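**Q** Taken in order, these protein sequences are the chains called A and B.
If you use our numbering, the first sequence corresponds to residues 1 to 605, in order.
If you use our numbering, the second sequence corresponds to residues 1 to 288, in order.
Shown below is the structure under consideration.
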Amino acid sequence: MEFTWMIGAEAGAGTAVTGRTLTKVFTRGGFHVVGYPEYPSLIRGGHNTYQIRVSDKKIHSPVKKNDVVVALNRNGIIFNRDSVKKGGVLIYDSGVDAAGLKMPEGVDIFPVPIRQIIEENKLDQRMANTVTVGISLGLIGYPMDDFFLILEKEFSRKSREIVDLNIKAAKAGFDYAKKNFKGNFKFTLKPISREKKRMIIGGNEAFAMGAVAGGMKLFAAYPMTPASSVLHYLAEKERHFNIVVKQTEDEIAAIEYAIGASYAGVRASTSTSGGGFSLMVESLGLAALSETPIVVFLAQRTGPSTGMPTWTEQADLRFALHSSQGEFLRVILAPGTVDEEFYLGAESFNLADKYQIPVILLSDKFLSESHFSADRFEWEKVRIERGEILSSIRKKLAPMERFARYKLTKSGISPRVFPGTPEGMHVATSYEHREDSFSTEDFEMRASMVEKRERKQKLLEKEIPLPKIYGKKDAPISIICWGSQVLPAVDALPLLEKGGIHANVIHFSYLYPLPKKIRKLLKSAKHTILFENNSTGQFAGMLKEFLSFRPNVLALKYDGRQFFPEEIAEAVENAHKQKFRRKKVRVVDMGEFEYYNPAAYSEVV
Amino acid sequence: MAELNDFTVKEKPQWCPGCGDFAINMAIKSALQEAGVEPHNSVIVSGIGCSGKMPHFVRAYGFESLHGRVLPPASGIHLANHELTVIGVGGDGDGYGIGMGHFIHIMRRNYDLTYIVHDNQVYGLTTGQTAPTSQKGMKTKTTPYGNLEEPVHPVPLALTMGATYIARGFAGDMKHLASLILGGIRHKGFALIDVLQPCVTFNKLNTYDYWRQRVYKLEEQGHNPSDYAKALEKANEDWKTNYEKIPIGLFYKEDKPTYGSGLPQLNVPLVKHGLKPVGLEEAMDEFI
Ligand SMILES: Cc1ncc(C[n+]2csc(CCOP(=O)(O)OP(=O)(O)O)c2C)c(N)n1
Ligand code: SF4
């Protein structure tokens with residue numbers, strides 16, 4: 001059982017608020033829910049949408065077609081009408097000038113006088129969102145008690161009167177739909193269970209909580225879409241979590257605050273997107289050479305340069321891998337789900353601390369800003385491992401001597417000591433240095449220090465888990481992907497099954513280092529097709545370089561959207577038909593789901 | 001209490017003989033000693049430049065950052081553990097050039113830390129290019145026909161940006177400089193100490209003699225450092241008199257709440273907080 005709903009309206013009209021509320025209603029009803037916003041980089045005037053997919057089975061990704069579309073303006077009708085399934089419903093605000101617009105065929109058209117409903121019930125114009133939710137629930141006969149509870153929670157801080165008015169607005173919308181909808185659409189939905197109290201949460205918030213669970217104490221950042229909501233969320237909650245959150249003057253300052261705080265002994269992090277990461281790059285090397293742990297959350301968007309700021313891509317992988325001058329060890333992680341955002345988010349601080357290196361978490365607009373139902377995070381199970389830290393030093397330093405902070409150890413890991421610890425005085429430095437941290441240009445020492453830092457990789461690689469397999473281990477076809485693309489990939493599996501194609505998904509969330517042990521797993525896959533949200537196959541290149549592995553087919557998408565499950569299924573079917581002949585295929589979105597391209601429609605005014 | 005020797009390292013500083021940096025090094029050590037700070041409770045944060053070598057020559061904790069990036073890590077260290085005495089040290093190129101953005105913004109925040117700028121009007125480590133504080137007309141490697149730009153005036157800039165302790169020292173008067181640094185350490189808030197520092201190798205204009213003939217001490221003229229209007233007048237005196245009269249000493253001092261006083265999270269230094277996260281259960285409830 002599945003239901004897909006989407007709202008389309010002018011930017012600023014509250015599609016996100018309406019969508020978020022509905023995702024909460026359905027999640028409370030025991031459903032699995034995905035909420036997916038799309039919006040251009042404009043505050044007003046552009047076209048925004050929010051899609052909700054609801055199912056009684058586990059789902060992961062938005063899809064291309066909707067059962068119900070709610071259009072609140074003329075463009076909403078134009079852009080979104082083609083995404084309504086046959087037999088579905090197109091609801092539109094009849095206050096909108098829809099004259100002369102071609103309406104889709106085989107679809108119930110349901111005009112709703114939102115303004116009139118508001119006026120007749122003596123409501124506030126600002127309650128249009130609540131009325132819209134009411135109408136949508138009325139259409140499918142979904143009980144409203146959860147919606148009322150949400151309204152209560154949301155507005156009770158303001159006043160009783162506002163709560164009551166909103167409840168009235170919801171009922172007015174609900175009743176209007178019940179009474180006036182006369183179409184063929186007969187779908188109804190009822191809550192399945194109220195026992196499981198799942199959350200509905202975005203990738204960015206999940207990372208933010210993971211960071212807190214991992215003991216992060218200082219977070220510094222500069223706003224940049226699609227990373228900003230990490231900063232917004234943590235800023236709002238800084239007192240609640242008892243941490244310090246700082247918006248700095250730029251991204252250079254942000255990462256340097258975090259590095260400074262980490263040197264002084266607390267776990268610290270920053271978040272940004274590609275442009276901001278470009279500014280952080282020099283400091284990444286400072287963290288590496290001074291062996292100061294640091295976690296950077298990098299939410300990718302469509303580049304290069306300003307690119308398409310509110311759209312998605314996975315094109316910063318090579319950048320993350322090679323950023324900053326010189327050679328140094330780093331870890332690159334790419335969570336694929338909100339659970340992984342949380343648990344890997346927490347784990348990234350362990351890796352940074354234990355190996356005293358930079359850890360970069362790659363997210364992207366798609367995962368960062370979409371919302372997914374998820375079980376509560378088990379934060380108490382998160383282990384905090386700080387690595388080798390000396391809380392006191394027994395041996396007294398000789399006069400005029402410094403502590404040997406960069407001791408040439410067998411493992412390559414030299415115990416850290418924080419300022420404030422007697423006998424631990426040393427310099428954390430961006431220059432090459434001796435064991436006692438004094439800067440040096442002695443060739444032998446330089447070589448020893450390079451090797452010391454390099455040695456850490458050996459231990460680190462032991463900790464890197466194998467990629468995760470979704471579906472049957474021995475399936476004849478393996479879809480390979482990394483980061484967020486696991487979401488549409490896993491949802492493509494049942495589509496393929498319908499056509500008799502059995503596949504599994506091999507998902508990488510640990511992208512670097514890539515230890516040799518992974519090679520065996522990849523080699524055992526029969527037919528492979530790798531999906532990447534970029535135009536050059538960056539991860540394909542890494543698999544070749546580090547594991548000498550080449551997939552049969554490489555499927556790339558780089559138009560600003562992630563893959564949809566339908567596209568993945570289609571590409572796998574095609575590859576299957578062509579017997580997995582080695583090739584590269586390019587995937588671009590087709591017109592039916594085109595809901596932000598004014599130039600493509602002559603009716604747009 | 002620590003003695004001066006406790007702040008001394010065995011390596012000899014690698015500055016040119018006669019460089020003003022030696023006196024700044026000595027002044028920092030004696031100010032720390034006099035402030036009663038233990039070496040392990042102080043952190044010297046520097047950028048890159050001749051001035052940037054400072055952490056290696058004070059036996060304390062040190063953080064040698066990147067060129068222009070003194071103040072952000074110093075801020076991070078301070079926020080993580082505000083019980084430490086944090087002193088930022090950098091060149092004029094470092095702080096008033098490439099790092100100018102950080103300098104402007106830190107003054108709006110009034111963190112409790114001290115910032116010392118080796119103001120030698122030239123780029124030392126990179127062998128003598130023009131600096132943001134080079135005087136107009138000055139010839140350097142990159143301004144062979146004379147500098148066409150007006151110099152940055154750090155003292156009036158700091159006054160208008162809200163710094164709460166603003167002083168100028170002279171590396172030719174170590175004792176006086178040390179007292180200004182000591183005042184900065186004791187001041188609760190952001191302290192700037194701009195230091196006229198002769199670069200004997202690359203600046204043949206602003207030499208020890210040049211400064212000696214021109215500087216005078218504000219306190220000897222009865223300057224009242226709580227008088228903002230007077231401070232501003234004094235802050236502009238150097239360039240307004242075409243560098244005939246150059247005041248040194250404390251221009252301005254104001255008691256204002258520090259940034260940290262607005263953060264209840266800092267009742268206990270972050271570094272002393274437990275590792276166990278708080279508040280996650282309630283935070284998750286909000287997503288239901
Ligand atoms: C990003 C970057 N750009 C340039 C340099 C080269 N560099 C090192 S020190 C310096 C300027 C030094 O002048 P100043 O900051 O005034 O310090 P001084 O050496 O005079 O004490 C420059 C340009 C660098 N290290 N990093
Ligand atoms: S170059 Fe100038 S600033 Fe640098 S050490 Fe020599 S005299 Fe001092």
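All C-beta atoms, glycine included, are put in the ideal place defined by N, C-alpha and C.
The model shown is predicted, which means the values in this text are computed figures rather than measured ones.
Alpha carbon to alpha carbon, how far is R561/A from R550/A?
**A** Their Cα atoms are separated by approximately 25 Å.
**Q** Could one say the Cβ of P419/A lies closer than 8 Å to chain B's Cβ atoms, at least one of them?
**A** P419/A counts as touching chain B.
**Q** Kindly list the residues whose CB is nearer than 6 Å to the CB of L390/A, restricted to its own chain and excluding five residues on each side of it in sequence; keep chain order.
**A** Closer than 6 Å at Cβ, skipping near neighbours: P415 and V417.
**Q** I'd like to know whether the C-beta atoms of R267/A and G307/A end up nearer to each other than 8 Å.
**A** Contact flag unset, no.
**Q** Measure the C-alpha to C-alpha separation of M280/A and R69/B and round it to an integer number of angstroms.
**A** If you take the alpha carbons of M280/A and R69/B, they lie about 11 Å apart.
**Q** Taking contact to mean at least 3 C-beta pairs separated by less than 8 Å, is the stretch 149-161 of chain B in contact with the stretch 96-111 of chain B?
**A** Enough Cβ pairs lie closer than 8 Å, so yes.
**Q** Does the CB of L66/B have a neighbour CB from chain A at under 8 Å?
**A** Chain A, which has a Cβ nearer than 8 Å to the Cβ of L66/B, makes this yes.
**Q** Check Y111/B in the structure and name its three-state DSSP category.
**A** The answer is coil: DSSP assigns Y111/B none of H, G, I, E or B.
**Q** In chain order, what residues of the same chain lie with their CB nearer than 7 Å to the CB of P104/A, ignoring the 5 residues before and after it?
**A** R81, D82, V84 and L90.
**Q** Could you give the C-beta distance for Y115/B and S75/B, rounded to a whole number, given that I count them as a contact under 8 Å?
**A** That pair is no contact at about 11 Å.
**Q** Mark R383/A as exposed unless 16 or more other C-beta atoms lie within 10 angstroms of its C-beta, in which case mark it buried.
**A** Classification of R383/A: exposed, given that the 10 Å Cβ count is below 16.
**Q** By the three-class DSSP mapping on this structure, what secondary structure does P111/A have?
**A** Three-state result, P111/A: strand.
**Q** Residues of the stretch 393-412 of chain A in Cβ contact with chain B at a cutoff of 8 Å, in chain order, please.
**A** Answer in chain order: P399, M400, E401 and R402.
**Q** In whole angstroms, give me the CA-to-CA distance for P598/A and F287/B.
**A** Because P598/A carries a pLDDT of 48, less than 50, the predicted location of this residue cannot be relied on, and the following value inherits that uncertainty. So the alpha carbons of these two residues sit roughly 35 Å apart.
**Q** Is any heavy atom of ligand 2 found at a distance shorter than 7 Å from the C-beta of T126/B?
**A** Every heavy atom of ligand 2 is 7 Å or more from the Cβ of T126/B, so no.
**Q** So is D238/B buried or exposed if we call it buried at 16+ other beta carbons inside 10 Å?
**A** Looking at its Cβ environment, which holds 16 or more other Cβ atoms inside 10 Å, D238/B is buried.
**Q** Inspect the beta-carbon positions of H502/A and A540/A and report whether they are closer than 8 Å.
**A** No; because the gap between Cβ atoms is not below 8 Å, this pair is not in contact.
**Q** Sorted by chain position, which residues of the same chain lie with C-beta nearer than 6 Å to E566/A's C-beta, five sequence neighbours on each side aside?
**A** Taken in chain order, the residues that qualify are K64.
**Q** Can you list, in chain order, the residues of its chain with a C-beta nearer than 8 Å to that of Y595/A? Leave out the 5 residues immediately preceding and following it.
**A** Per-residue confidence for Y595/A stands at a pLDDT of 44, beneath the threshold of 50, marking its modelled position as unreliable; the derived number appears in the next sentence. Excluding residues within five positions, the ones whose Cβ falls inside 8 Å are G8, E38, H47, T49, F79, N80 and S83.
**Q** Please return the same chain residues whose Cβ sits closer than 7 Å to the Cβ of M174/B, not counting the five positions on each side in sequence.
**A** If we look at M174/B and ignore the five residues flanking it on each side, its Cβ neighbours are A23, M26 and A27.
**Q** Residues of chain B with CB under 7 Å from E249/A, in chain order?
**A** In chain order: G101, H102 and H105.
**Q** Taking the straight line between their C-alpha atoms, what separation do you get for G137/B and V58/B?
**A** C-alpha separation (whole angstroms): 36 Å.
**Q** Distance cutoff 8 Å, beta carbons only. Does H426/A sit that close to anything in chain B?
**A** Answer yes: the Cβ-Cβ gap between H426/A and chain B drops below 8 Å somewhere.
**Q** Along chain A, in chain order, which residues have C-beta atoms closer than 8 Å to that of M1/B?
**A** The contacting residues do not exist; M1/B stays about 14 Å from chain A at best.
**Q** According to DSSP, is F593/A helix, strand or coil?
**A** Bear in mind that the predicted position of F593/A carries a pLDDT of just 43, short of 50, making it unreliable; the figure below should be weighed with that in mind. If DSSP states are grouped into helix, strand and coil, F593/A belongs with the helices.
**Q** What does DSSP give as the partner residue(s) for R416/A in the beta ladder?
**A** Answer is I389/A, bridged to R416/A.
**Q** Would you mind telling me which residues of chain B sit closer than 9 Å to H240/A, beta carbon to beta carbon, in chain order?
**A** Correct list: V278, G279, E282 and A283.
**Q** Compute the beta-carbon to beta-carbon distance between P73/B and E256/A, rounded to the nearest angstrom, for a pair I have assumed lies under 8 Å.
**A** Yes, P73/B and E256/A are in contact; Cβ-Cβ is about 5 Å, under 8 Å.
**Q** In chain B, which residues lie less than 8 Å from Y257/A when you measure between Cβ atoms?
**A** Correct list: P72, P73, S75, G76 and L79.
**Q** Which runs of the alpha helix (DSSP H) spanning at least 4 residues fall entirely within the stretch 1-88 of chain B, listed in chain order?
**A** Segments of the alpha helix (DSSP H) lying fully in the stretch 1-88 of chain B: 21-34 and 71-80.
**Q** Which first and last residues belong to the beta strand (DSSP E) in which W239/B is found?
**A** Where W239/B is concerned, there is no enclosing beta strand (DSSP E), although the alpha helix (DSSP H) it sits in stretches over E237 to K240.
**Q** Name the chain B residues that come within less than 9 Å of Q199/A, Cβ to Cβ?
**A** Rather than Gln, the amino acid found at residue 199/A in this sequence is Met. Per Cβ cutoff of 9 Å: M284, D285, E286, F287 and I288.
**Q** Once DSSP output is grouped into helix, strand and coil, what is the label at M174/B?
**A** Residue state, collapsed to three classes: helix.
**Q** Starting from W5/A, trace the beta strand (DSSP E) in both directions and tell me its first and last residue.
**A** Segment E2 to E10, the beta strand (DSSP E) holding W5/A.
**Q** Which residues in the same chain as L280/B place their Cβ atom closer than 6 Å to its Cβ, once the five residues preceding and following it in sequence are excluded?
**A** Contacts found: none.
**Q** When Cβ atoms are compared, which residues of the stretch 25-45 of chain A fall closer than 9 Å to chain B?
**A** For the stretch 25-45 of chain A, which is checked against every Cβ of chain B, the residues closer than 9 Å are T27 and R28.
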